[in-house]
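Enquirer: In the UniProt record's numbering, the protein residues as written are 1 to 196.
Using N, Cα and C, we set each Cβ at its ideal position, and we do this for glycine too.
Just so you know, these numbers come straight off a predicted model, no measurement behind them.
Provided herewith is a single structure, encoded as structure tokens, for subsequent inquiry.
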């Protein structure tokens, strides 16, 4: 059963199982990325989803065709993980609000700040509303960076929400930074470390 909230950004044509004239009879498990939820569609939902094919999906063409079988193979596990995360969203949000600090744990906050053009706005969104939403998002991202005394915020105006498509090197660099930070522990002044 598909759950759709707000707008769909992944069109059904991107699913290789739906291709061809007999798409209704194919076994299809399409990952739907929606404006407020993620769900999974079975083959009985493809007929309805075909009606939504006109919605833009700027990332569908960016996935190399040779990767589609792997993506389809991992889709069920990914969808289950996303659904589990969504169910715990409010509880995790409350926990985050009650955690005043991460101490000096290394933290990298990657913030996507690519400007959104008017033609990229989701249906029903106004430019003013989108600007307000972006301002709040930037504020929340900056707040995340204050959770650790050993944090770094990287703001990218070349990346949208899917940074792993736009600038995967930023993610790799962030992981390397964290890895290096963990390999070289910071020793507070006045302490001596002995042994290995």
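Considering only residues of the segment 111–169, which uninterrupted alpha helix (DSSP H) runs meet the minimum length of 4 residues and lie entirely inside it, listed in chain order?
Expert: For the segment 111–169, whole alpha helix (DSSP H) runs of length 4 or above, ordered along the chain, are 127–145, 163–166.
Enquirer: If we call anything under 8 Å between Cβ atoms a contact, is residue 153 one with residue 166?
Expert: In the chain shown, counting from the first residue as 1, residue 153 sits at position 153. In the chain shown, counting from the first residue as 1, residue 166 sits at position 166. It is not a contact, given that the beta carbons lie outside the stated cut-off.
Enquirer: Strictly by DSSP, which residues pair up with residue 109?
Expert: As a first step, residue 109 must be located in the chain shown, where it is residue number 109. Its beta-bridge partners are 153.
Enquirer: Grouping DSSP H, G and I as helix and E and B as strand, with all else coil, what is residue 63?
Expert: Here the question's residue 63 lines up with position 63 in the chain shown. Three-state DSSP puts residue 63 in coil, outside helix and strand.
Enquirer: Spatial neighbours of residue 149 within its chain, please: C-beta separation below 6 Å, excluding the five flanking residues on both sides.
Expert: Numbered from its first residue, the chain shown carries residue 149 at position 149. Cβ within range, chain order: 104.
Enquirer: Whose CA, out of 99, 107, 70, lies closest to the CA of residue 180?
Expert: In the chain shown, counting from the first residue as 1, residue 180 sits at position 180. The residue with the shortest Cα to Cα distance from residue 180 is 107.
Enquirer: Alpha carbon to alpha carbon, how far is residue 161 from residue 168?
Expert: Position 161 of the chain shown, counted from the first residue, corresponds to residue 161. Position 168 of the chain shown, counted from the first residue, corresponds to residue 168. One C-alpha to the other measures close to 12 Å.
Enquirer: Using the C-alpha atoms, what's the distance from residue 69 back to residue 117?
Expert: Counted from its first residue, the chain shown places residue 117 at position 117. Counted from its first residue, the chain shown places residue 69 at position 69. If you take the alpha carbons of residue 117 and residue 69, they lie about 33 Å apart.
Enquirer: Could you pull out every residue in the same chain whose Cβ sits closer than 6 Å to the Cβ of residue 174, ignoring the five residues on either side in sequence?
Expert: To locate residue 174, count along the chain shown from 1; it is residue 174. Excluding residues within five positions, the ones whose Cβ falls inside 6 Å are 108, 110.
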